[in-house]
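Notes follow once the structure below has been shown.
Protein chains in written order, with this note's numbering: chain A, 47 to 156; chain B, 385 to 617.
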């Protein structure tokens, strides 16, 4: 599963991508600057996108996305193939379990 | 006091993380723990949790070398924790890791005793590097920056005391006039709201400008908003 992380600030992007690479080595983890989000989604067709502000391109092209801490506010929006959750806080276990559920959804037949 | 050791026999640097963004703090802890010379001994997502974590460390006889602290916490400012930690544990050093770039906020953190400031736009390598440098005794905030921070905070405090003096001189009626101004009312509408003559409204306005030591109603409004005399819905 191809995962694109384009969230900010950079420290968040670095530690989340580094941790995902270590804990889920089977994933293809890619990072991009937030300003490059739409272009990279169009270029790479990621299955899963992590961003700080979801865009129409992300919503229409990424099967799974998480909008994490928009403008440093707590909470997140998770959209897993159209199943949307708005969370007042985002624990890392939830982020990881969303990644796992997404991966399963691409592996298992619908 | 127990202290972990690296494979080469050196002492591990004991780190505490304080940040309410769990999806940042936990992966940060994971990444730091992968470094052989670093050990994350405590994590907290709030001031209250941080205080408890610190008590737990001391009760277990465990020390703390570096605290990595965010300033924006749900139950207060990380600056409060910095002051408390520095007072309680002269050995512990504080690295502020914040998304803030507001000078006053960072200055207050330095004045409280932060030994280093990093913005969250930093790379993970910069963060681990800063922790090591602090532990090695390097000063990440220069004496000049400390002096500048103290000057800035002192100036803010003086301005705050002066503002408080001015605000105490504003009468309740004058506050009503200011609120009406903030609500977008003109003199005639203010007079109607307060059931006074136009002349009285203008007199109030002149007194307000004089007391606030400003030249215009706009400046009066800015002052009033900044110091909470009026609200804008």
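Ideal Cβ positions, reconstructed from N, Cα and C, are used throughout, including at glycine.
Span of the beta strand (DSSP E) around residue i
i	result
residue 503(B)	500-503
residue 555(B)	Unbroken run through residue 555(B): none, as it is neither H nor E.
Interface partners of residue i on chain B, CB under 7 angstroms
i	result
residue 55(A)	483, 504, 505
residue 141(A)	407
residue 135(A)	406
residue 114(A)	407
Assumed close pair residue i, residue j - CB separation to whole angstroms, cut-off 8 angstroms
i	j	result
residue 453(B)	residue 477(B)	Not quite, the Cβ-Cβ distance comes to about 11 angstroms (not below 8 angstroms), so this is no contact.
residue 456(B)	residue 429(B)	Incorrect: roughly 12 angstroms between the Cβ atoms, too far for contact.
residue 52(A)	residue 79(A)	7 angstroms
residue 518(B)	residue 500(B)	6 angstroms
residue 111(A)	residue 103(A)	Not a contact, Cβ separation roughly 10 angstroms.
residue 566(B)	residue 605(B)	6 angstroms
residue 122(A)	residue 113(A)	6 angstroms
residue 422(B)	residue 530(B)	In fact, because the Cβ distance is near 26 angstroms, the residues do not count as touching under 8 angstroms.
residue 410(B)	residue 138(A)	4 angstroms
Boundaries (first-last residue) of the alpha helix (DSSP H) holding residue i
i	result
residue 587(B)	582-596
residue 114(A)	Note, residue 114(A): premise wrong, no alpha helix (DSSP H); beta strand (DSSP E) at 110-114.
residue 525(B)	Unbroken run through residue 525(B): none, as it is neither H nor E.
residue 613(B)	Counting along the chain, residue 613(B) falls outside any alpha helix (DSSP H), and DSSP gives it neither H nor E.
residue 65(A)	56-69
residue 143(A)	138-153
residue 573(B)	571-578
residue 474(B)	Looking at the DSSP string, residue 474(B) is not in any alpha helix (DSSP H), and its letter there is neither H nor E.
residue 513(B)	508-519
residue 104(A)	102-107
residue 127(A)	Premise fails: residue 127(A) is in no alpha helix (DSSP H) and is neither H nor E.
Interface partners of residue i on chain A, CB under 9 angstroms
i	result
residue 415(B)	60, 61, 64, 65, 68
Partners in chain A for residue i, counting only beta-carbon separations shorter than 8 angstroms
i	result
residue 511(B)	57
Per-residue contacts from residue i into chain A (C-beta, under 7 angstroms)
i	result
residue 508(B)	57, 60, 61, 64
residue 410(B)	138
Cross-chain neighbours of residue i in chain B, by beta carbon under 8 angstroms
i	result
residue 19(A)	Residue 19(A) is absent from the structure shown; chain A starts at 47 and stops at 156.
In DSSP terms, what residue i is bridged to
i	result
residue 400(B)	426(B), 451(B)
residue 49(A)	75(A), 94(A)
residue 122(A)	114(A), 133(A)
residue 480(B)	453(B), 501(B)
residue 460(B)	457(B)
Contact the segment 125-135 of chain A vs the segment 79-87 of chain A: 3+ CB pairs below 8 angstroms: no
At least three beta-carbon pairs within less than 8 angstroms, the segment 539-548 of chain B to the segment 577-587 of chain B: no
Three or more C-beta pairs below 8 angstroms linking the segment 411-426 of chain B and the segment 54-72 of chain A: yes
Cβ contact (3+ pairs, closer than 8 angstroms) linking the segment 503-517 of chain B and the segment 48-64 of chain A: yes
Any 3 or more C-beta pairs closer than 8 angstroms across the segment 487-495 of chain B and the segment 531-541 of chain B: Yes, they touch.
At least 3 beta-carbon pairs within less than 8 angstroms: the segment 416-426 of chain B vs the segment 141-155 of chain A: The way I'd put it, the segment 416-426 of chain B doesn't touch the segment 141-155 of chain A; fewer than three beta-carbon pairs between them come closer than 8 angstroms.
Contact the segment 562-570 of chain B vs the segment 513-533 of chain B: 3+ CB pairs below 8 angstroms: no
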